[in-house]
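Below you'll find the structure, written out as C-alpha cells, and then a few comments.
Numbering (our numbering), first residue to last: 19 to 150.
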C-alpha cells in the first residue's frame, strides 16, 4: 500500500512559527528604537529654534525663560549668563515609553553652538552622533 502524506508536519509548522516570532521581536525592537530617535530629533530641532534668542540674550547679559512646546515635550530656556541652557523634557502622554519624563540638556555658547550637558537623562544610543 502506497501512502503519500501531503502537507507539513507539526514540527515544520512550529519551526516556521518560531522563526516568525523571533523576526517580529527583532523588528519591534528596531522600530521602537527608530521612534525614540525621531522623537529625540524633534527635541533637537525645537532646541535649535531657541538658539537665536539665546545668542541675543547672552549679548544682552540675560537668559530669558522662554519655551517652545512640541508634540513630545517642552524645550525651556534657563540658566544664568554666560551659561544659558535649553532643557527639553519629554512628556508622559505622547513620548514613547523609552523617553517618558527623560531630559535632554544643552549648554548654549555665545555663537549658538549646542552641547549636551549633565542634565541629559536620555540614553546615548538614542542621541545623534552630531551632539554626543
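Even for Gly, the Cβ is constructed at its ideal location relative to N, Cα and C.
All values reported here derive from a predicted model rather than from experimental measurement.
Original post:
Hey, how far is the Cα of residue 81 from the Cα of residue 150?
Top reply: Working through the chain shown from its first residue, we reach residue 81 at position 63. Working through the chain shown from its first residue, we reach residue 150 at position 132. Rounded to the nearest angstrom, the two C-alpha atoms are 24 Å apart.
Original post:
To the nearest angstrom, how far is it from the Cα of residue 144 to the Cα of residue 54?
Top reply: Sequence index remark: in the chain shown, residue 144 carries index 126 (1-based). Sequence index remark: in the chain shown, residue 54 carries index 36 (1-based). Their backbone Cα atoms lie some 6 Å apart in a straight line.
**OP:** Check whether the Cβ atoms of residue 57 and residue 111 lie closer than 9 Å to each other.
**Re:** To locate residue 57, count along the chain shown from 1; it is residue 39. To locate residue 111, count along the chain shown from 1; it is residue 93. Not closer than 9 Å, so no.
**OP:** Please state whether DSSP places residue 174 in a helix, a strand or coil.
**Re:** Residue coverage of the chain in this structure runs from 19 to 150, which leaves residue 174 outside it and unanswerable.
**OP:** Could you check how far apart the C-beta atoms of residue 104 and residue 46 are, in whole angstroms? I think they sit under 8 Å.
**Re:** Locating residue 104 in the chain shown gives position 86, counting from the first residue. Locating residue 46 in the chain shown gives position 28, counting from the first residue. So it is not a contact: roughly 32 Å between Cβ atoms.
**OP:** For residue 145, name the three-state secondary structure that DSSP assigns.
**Re:** Residue 145 sits at position 127 when you count from the first residue of the chain shown. Looking at residue 145 - three-state DSSP - the assignment turns out to be coil, as it is neither helix nor strand.
Original post:
Cα separation between residue 146 and residue 101?
Top reply: Along the chain shown, read from residue 1 onward, the residue named residue 146 stands at position 128. Along the chain shown, read from residue 1 onward, the residue named residue 101 stands at position 83. Cα to Cα, the separation comes out at about 23 Å.
**OP:** Report yes or no: do three or more beta-carbon pairs, one from the stretch 82 to 99 and one from the stretch 31 to 50, lie closer than 8 Å?
**Re:** no
Subject >> residue 119 versus residue 109 - alpha carbon distance >> reply: Here residue 119 refers to the residue found at position 101 of the chain shown. Here residue 109 refers to the residue found at position 91 of the chain shown. Residue 119 and residue 109 have their C-alpha atoms some 6 Å from each other.
Subject >> For residue 101, the residue or residues it bridges with in DSSP >> reply: Here residue 101 refers to the residue found at position 83 of the chain shown. Under DSSP, residue 101 takes part in a beta bridge, and its partners are 98.
Original post:
Once you ignore the five residues that flank residue 91 on each side, which residues in its own chain have a CB closer than 7 Å to its CB?
Top reply: Taking the first residue of the chain shown as 1, we reach residue 91 at position 73. Counting only Cβ-Cβ distances below 7 Å, and skipping sequence neighbours, we find 61, 106, 107, 108, 109 and 113.
**OP:** Determine the DSSP secondary structure at residue 45, reduced to helix, strand or coil.
**Re:** The residue given as residue 45 occupies position 27 in the chain shown. Reduced to three states, the DSSP call for residue 45 is helix.
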